[in-house]
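In the UniProt record's numbering, the protein residues as written are 1 to 348.
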Amino acid sequence: MFLGLLAVFFPLAIASHFFFPGVWTFVLCAVALVPLARLMGEATEVIAHKLGSGLGGLMNASFGNAAELIIALAALRSGHADVVKASITGAILGNLLLVLGAAILVGGLKYPKQKFNMTAALSGSAIMFLALTAMSIPDLFHAARGPAAERVLFPMSVAISVILLIVYALSLLFSLRTHSHLYAGEETGEPEEMPVWSTKKATVLLLGATLGVVVVAEFLVHAIEDAIAAFGFTHTFVGVIIIAIIGNAAEHSTAILMALKNKMDLAFNIAFESSKQIALFVAPVLVLVSIPLGQHLTLEFSHMEVLGIAIGTGAATLIALDGESNWLEGVMLLGVYAILGVAFFFIP
1 MFLGLLAVFF PLAIASHFFF PGVWTFVLCA VALVPLARLM GEATEVIAHK LGSGLGGLMN
61 ASFGNAAELI IALAALRSGH ADVVKASITG AILGNLLLVL GAAILVGGLK YPKQKFNMTA
121 ALSGSAIMFL ALTAMSIPDL FHAARGPAAE RVLFPMSVAI SVILLIVYAL SLLFSLRTHS
181 HLYAGEETGE PEEMPVWSTK KATVLLLGAT LGVVVVAEFL VHAIEDAIAA FGFTHTFVGV
241 IIIAIIGNAA EHSTAILMAL KNKMDLAFNI AFESSKQIAL FVAPVLVLVS IPLGQHLTLE
301 FSHMEVLGIA IGTGAATLIA LDGESNWLEG VMLLGVYAIL GVAFFFIP
């Protein structure tokens, strides 16, 4: 299915950029990014599986959010700093609320009650509290000091980014090496299926899909202003909702498939680990990369974005407290996501 979508929409997206740029380019590129992100995810899974748990886990962590990073870099190069920050917020909310909520709902409709590793889930929520702290401090500092704080926001963001990257590296060491046993869930559910690809084929597909994402993301960013004018969206809504959903396509499908196979450990791990990667790796990398690009991206998010991350982290943590899930909890998470989506739609 995904390869079929890719075969149709990728060439259409490329052609639209050259022959009828604008709204159609944005729409076609958005659709083409979905199968590309999924193909990247599947190729990464195959390579990671053959590398073993240690290197495989590191590779999953490194390539898990490659699509989001590529899209954000394209937006940053084009000077859309507001869209970049909104896409970071949207990716975190999308994983914690939309991806996890959809997985819990779909899995709950098939199984009355599903269990998962509470320790691993709560560890993920604790890391997200650190991310919330990093995102809220620059905003609070600016609010407290006023215009006088503006000259120190960027160096403050660089320092915080370095701290986040160090913590991210240590969290990988913790989960993949020193305390990997805490993240081992019970062997329940149906066997996991992966494409029957050789390592060479998976590597070629991964590189090809990554190159495709780079090209399509660049075209998508160039068409953002036309899409905003045509649909009446704001930059914040495009970043928080639309680009985030596109970038999270691989996580959406994988988490739901795992839930349907009664593998809620994997579904929760996908949601929390992906959010952790965005907050502790992608966001800091974007701040540091903005230096040579001359954009000086900061970690100062809007009040609404900080509040949204706090609400999303709190909601996901509440679901993780008892180590069990049911379909109504999935509805709750999706409801929270929808309410925040409405709020971001009306933010000017």
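Ideal Cβ positions, reconstructed from N, Cα and C, are used throughout, including at glycine.
Treat the numbers as computed from the prediction; the structure is a model and nothing was measured.
Item, Value
"Does the CB of residue 334 have a neighbour CB from chain B at under 8 Å?", "Looking at the structure shown, chain B is missing, and only one protein chain is on hand."
"If I measure Cβ to Cβ from residue 214 and keep anything under 6 Å in the same chain, skipping five residues before and after, which residues do I get?", "70"
"Using a 10 Å radius around the Cβ and a threshold of 16 neighbouring Cβ atoms, would you call residue 276 buried or exposed?", "buried"
"Using a Cβ distance threshold of 8 Å, determine whether the region 287-294 contacts the region 115-131, with at least three qualifying pairs required.", "no"
"Could you tell me the boundaries of the alpha helix (DSSP H) in which residue 225 lies?", "224-231"
"Among all the DSSP beta bridges, which residues are the ones paired with residue 325?", "114"
"Measure from the alpha carbon of residue 325 to the alpha carbon of each residue in 91, 265, 88, then state which is nearest.", "265"
"Helix or strand or just coil, what does DSSP make of residue 348?", "coil"
"With a floor of 4 residues, list each alpha helix (DSSP H) that falls wholly inside the region 75-126, ordered by position along the chain.", "81-93, 100-110"
"Is the region 76-86 in contact with the region 249-260, if contact means three or more CB pairs nearer than 8 Å?", "no"
"How would you write the range of the alpha helix (DSSP H) that residue 177 sits in, first residue to last?", "Looking at the DSSP string, residue 177 is not in any alpha helix (DSSP H), and its letter there is neither H nor E."
"Could you pull the start and end residues of the alpha helix (DSSP H) that residue 317 belongs to?", "303-320"
"Suppose you measure from the CA of residue 376 to the CA of residue 337; what does that come to, to the nearest Å?", "For the chain, the structure presents residues 1 to 348; residue 376 sits outside this window and is missing."
"Alpha carbons only, please: which of 107, 134, 339 is nearest the one belonging to residue 253?", "107"
"So, does the region 7-27 touch the region 199-211, judging by three or more C-beta pairs under 8 Å?", "no"
"Would you report the Cα separation of residue 103 and residue 154, rounded to the nearest angstrom?", "38 Å"
"To the nearest angstrom, how far is it from the Cα of residue 98 to the Cα of residue 334?", "6 Å"
"Please report how far the alpha carbon of residue 311 lies from the alpha carbon of residue 86, in whole angstroms.", "16 Å"
"What distance in whole Å lies between the Cβ atoms of residue 283 and residue 299, which are believed to be in contact at a cut-off of 8 Å?", "7 Å"
"Quick one: what does DSSP say residue 297 is sitting in, helix, strand or coil?", "coil"
"Quick one: using the 10 Å Cβ neighbour count with 16 as the cut-off for buried, is residue 4 buried or exposed?", "exposed"
"Closer than 6 Å by C-beta to residue 30: which residues in its own chain qualify, once you throw out the five before and the five after it? Chain order, please.", "246"
"What separation, rounded to the nearest whole angstrom, lies between the Cα atoms of residue 84 and residue 132?", "17 Å"
"What's the call for residue 134, buried or exposed, on a 16-neighbour Cβ count within 10 Å?", "buried"
"Do residue 268 and residue 174 come within 8 Å of each other at the CB atom, strictly closer than that value?", "no"
"By Cβ distance, which residues of its chain are closer than 7 Å to residue 195, with the 5 residues on each side in sequence left out?", "42, 46"
"Could you say which of 237, 286, 232 lies nearest to residue 94 if we only look at CA atoms?", "237"
"Give the straight-line distance between the Cα atoms of residue 171 and residue 26, rounded to the nearest whole angstrom.", "37 Å"
"Between the Cα of residue 285 and those of 114, 68, 234, 109, spot the shortest distance and give me the residue it belongs to.", "68"
"How far does the alpha helix (DSSP H) with residue 65 in it reach, from first residue to last?", "Element bounds for residue 65: n/a, residue is neither H nor E."
"With a CB to CB cut of under 8 Å and the five nearest residues on each side skipped, what residues in its chain are close to residue 228?", "234, 235, 238"
"Under DSSP, the alpha helix (DSSP H) around residue 275 begins and ends at which residues?", "264-277"
"To the nearest angstrom, report how far apart residue 7 and residue 216 are at their CA atoms.", "14 Å"
"Can you give me the C-alpha to C-alpha distance between residue 332 and residue 101, rounded to a whole angstrom?", "7 Å"
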